[in-house]
Amino acid sequence: MLTGRQLLWWAEDYAYAGWRQLRGLTSRTSPEAYTHPDPARRPPVLLLPGVWETWRFLEPVARALFAAGHPVHVVAPFGLNRGSVPEMADLAAAQLIEADLRGVVIVAHSKGGLIGKSVMGRADTGDRVLAMIAINTPFAGSPYARWLPFRSIRAFLPGDEVLAALAAQRADHGRIVSVATCFDPHIPGGSELRGARNVRLGTPGHFRSLTDPALVPLLRRELAAFAD
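Here the sequence shown is numbered in the UniProt record's numbering, starting from 1 and rising by one per residue.
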């Protein structure tokens with residue numbers, strides 16, 4: 001049973017998500033806008049959004065990392081990221097190969113972390129990815145996925161065969177930083193990943209983690225550490 005405070009956090013989380021989606025609809029920024037900072041610093045970043053999110057949902061993160069000198073790449077063909085994790089991983093891998101990106105750190109939100117982990121385990125792209133920072137990713141799925149009759153959501157049910165295959169793919173856990181919040185209304189079991197570095201933010205919510213004042217400094221520190 002959720003407390004009154006948790007229900008308020010849930011409402012605030014959806015209010016932010018709706019506002020961010022509207023902002024994304026009005027953005028006219030080109031997907032290439034953040035790829036060439038001057039001066040540039042390593043590592044480059046590949047941004048992977050969550051389900052029903054375009055890359056513009058993460059545009060504040062892209063803008064902040066670009067301002068810090070990191071080339072930020074997106075996968076424009078994702079659209080709203082409604083395809084299966086393997087389908088979206090194919091698109092992300094194609095972007096890495098087409099742009100000849102190497103030494104990349106994936107910065108992902110929610111489902112994007114599952115896609116990123118899939119890309120890290122592929123023979124054709126695994127050596128192009130240095131590490132991943134995953135924010136509120138349902139590595140173990142979510143029991144709440146049964147509430148919605150959409151294939152793109154029910155793919156997060158615990159026991160899903162894709163999730164099971166990714167869970168067995170443990171070799172890359174040491175290259176993953178899993179960032180979670182103190183309360184995630186979408187992932188009651190949390191985002192902890194055994195063998196990864198697990199970090200917790202103070203802001204409650206699945207989406208509002210992207211507004212936490214500690215997030216961008218954390219991303220910058222982790223990117224700098226991975227570059228060393």
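Even for Gly, the Cβ is constructed at its ideal location relative to N, Cα and C.
Counting every other CB atom within 10 Å of its CB across the protein chains shown gives GLY112 a total of 16 or more, marking it as buried. GLY116 counts as buried, since no fewer than 16 other beta carbons sit within 10 angstroms of its beta carbon. Three or more beta-carbon pairs separated by less than 8 Å link the region 42 to 49 to the region 69 to 87, which places the two stretches in contact. Nearest to ARG221 by C-alpha distance, out of VAL107, GLU98, PHE207, LEU58, is VAL107. Just so you know, the alpha carbons of SER30 and TYR14 end up roughly 26 Å apart. A distance below 8 Å separates the beta carbons of LEU163 and GLY141. By the Cβ criterion, the region 85 to 96 is not in contact with the region 57 to 71, since fewer than three pairs of Cβ atoms, one from each stretch, lie closer than 8 Å. Selection GLY103, SER152, ALA62 evaluated against PRO86 yields SER152 as nearest (Cα-Cα).
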